Amino acid sequence: MKNLLYLPAFLLLGVVACGQPAKPNQPAEPLGFEEYDPVSTLKVPEHKLTRSKYPFIDVHNHQYQMDNEDLSKLVAQMDVLNMGMMINLSGRGFSSSETESTKFFTSALANVQKNYPKRIALFTNLNFSDVNDKGWTAQAVKMLEEDVKKGAKGLKIYKNLGLNVKDDKGNRVRVDDPRLDPVWAKCGELGIPVLIHTADPKSFWDPMDRYNERWLELKLHAGRKRSPNDPVPWEQLIAEQHNVFRKHPKTVFIAAHMGWYPNDLTKLDSLMKVFPNMNVEIGAVIAELGRQPRASRKFFEKYQDRILFGKDSWVPSEYATYFRVLETDDEYFPYHKKYHAFWRMYGMGLPDEVLKKVYYKNALRIIPGLDKSQFPN
1 MKNLLYLPAF LLLGVVACGQ PAKPNQPAEP LGFEEYDPVS TLKVPEHKLT RSKYPFIDVH
61 NHQYQMDNED LSKLVAQMDV LNMGMMINLS GRGFSSSETE STKFFTSALA NVQKNYPKRI
121 ALFTNLNFSD VNDKGWTAQA VKMLEEDVKK GAKGLKIYKN LGLNVKDDKG NRVRVDDPRL
181 DPVWAKCGEL GIPVLIHTAD PKSFWDPMDR YNERWLELKL HAGRKRSPND PVPWEQLIAE
241 QHNVFRKHPK TVFIAAHMGW YPNDLTKLDS LMKVFPNMNV EIGAVIAELG RQPRASRKFF
301 EKYQDRILFG KDSWVPSEYA TYFRVLETDD EYFPYHKKYH AFWRMYGMGL PDEVLKKVYY
361 KNALRIIPGL DKSQFPN
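Position 143, counted from 1, in the sequence shown is what the UniProt record's numbering calls 143; the numbers after and before it change by one each time, with no gaps.
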């Protein structure tokens with residue numbers, strides 16, 4: 001030991017406990033959760049899909065330049081994925097001006113109808129900027145009728161209803177606000193579905209601590225974190241949505257993101273029983289389905305007539321995860337965003353007939369006026 005006294009100082013730095021030399025490239029400090037990203041050594045069959053087995057309809061997509069963009073580029077990307085049809089839910093864009101949103105809708109619809117009427121369809125949206133006006137409800141119903149007459153295939157409700165929309169007194173406008181009842185009723189009368197997004201994942205309302213599965217997402221996107229009552233508890237927002245389903249049984253609703261219950265399929269099953277007019281789409285929740293493949297498959301088989309394919313954000317490379325979870329029996333493969341899912345995926349291996357319903361048959365039945373010629377029987 002006394003010989004160590006004669007070693008150069010830089011060599012002493014390489015001496016560690018038990019007389020073992022320091023390993024090269026060893027980090028100075030332990031890795032944190034954000035840096036830890038191990039490559040699996042598991043050797044199992046892999047079926048990396050970049051194209052779906054059957055042509056599919058994406059009922060939850062957003063395109064914000066459809067009023068003037070070259071749609072041929074978009075359709076070329078769709079072809080690579082085997083996407084038969086895209087539903088652009090942002091039919092009226094995001095302008096708070098009704099004049100501007102009407103201009104956007106008219107131009108977008110004209111672009112679609114001129115170039116790719118069999119491949120793209122639009123949903124319309126409501127403008128809540130004047131919700132306090134005495135004639136707002138009548139005007140909203142009128143606009144809805146006119147948009148459907150022009151070619152809109154449904155109505156999309158953004159999550160701002162219930163979260164950010166306020167009246168002239170600064171009070172929150174509830175999802176089940178009575179002023180909207182004539183709108184829901186009119187959708188039922190017109191035979192168009194309402195794709196409704198209410199709230200966000202419950203974890204956004206939960207404490208941001210080591211127990212929160214969305215901790216990394218909330219750290220990277222701080223604006224998504226909400227206090228327990230911001231603006232109200234999560235459970236209240238979801239209950240308001242369900243009140244709408246209950247009050248309008250003749251209107252077909254599609255709950256975006258599986259109604260935020262993809263992680264509790266037992267609860268979602270109970271809701272599907274109570275609300276026969278409730279359908280769901282799988283946009284942005286494939287990570288929840290992929291970690292419980294057996295339960296997910298049972299749910300999909302049971303409700304095979306009421307589940308639709310959706311993706312939400314337009315990132316073509318991410319569709320591969322959806323195809324692989326839905327179509328294959330693969331085990332333990334990565335998701336495409338660590339901050340959404342740090343866990344691994346497993347394939348459900350859905351039967352062909354169920355797969356066809358999720359990919360296109362249910363959408364063709366629920367959304368009126370879509371071209372069926374490009375899809376198998």
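Yeah, the Cβ is synthetic: ideal placement off N, Cα and C, and Gly gets one too.
Fair warning: this is a prediction, and the values are worked out from it, not measured in the lab.
In the displayed model, Asp312 falls within a strand according to three-state DSSP. Comparing C-alpha distances from Arg365 to each of Gly151, Thr102 and Gly191 shows the shortest one belongs to Gly191. The region 283 to 293 and the region 261 to 270 touch, with no fewer than 3 CB-CB distances between them shorter than 8 angstroms.
Taking C-alpha positions only, Gln65 is separated from Leu42 by approximately 43 angstroms.
About 4 angstroms separates the Cβ atoms of Tyr339 and Glu217, confirming a contact at the 8 angstroms cut-off. Here the region 65 to 74 makes contact with the region 109 to 116; the two share three or more CB pairs at distances below 8 angstroms. Taking the Cα positions, Val165 is about 32 angstroms away from Leu370. Taking C-beta atoms under 8 angstroms as the contact rule, Leu126 and Gly91 fail to qualify, at a distance of about 11 angstroms. Bounds of the alpha helix (DSSP H) holding Val141 are Trp136 to Lys150. The C-alpha of Arg51 lies about 25 angstroms from the C-alpha of Ile254. DSSP places Phe56 inside the beta strand (DSSP E), whose first and last residues are Phe56 to Asn61.
In the DSSP annotation of this structure, the continuous segment of the beta strand (DSSP E) that includes Ile120 starts and ends at Ile120 to Leu122. For Leu42, the three-state secondary structure derived from DSSP is coil. Shown here, Ile238 sits in a helix according to DSSP, grouped into three states.
Ser96 is positioned such that its CB atom lies closer than 8 angstroms to that of Ser129. Membership of Met208 in any alpha helix (DSSP H) is not indicated, and neither H nor E is assigned to it by DSSP.
For Val173, there is no enclosing beta strand (DSSP E), as DSSP marks it with neither H nor E.
The region 343 to 359 makes no contact with the region 233 to 246: fewer than 3 CB pairs, one atom from each, lie closer than 8 angstroms.
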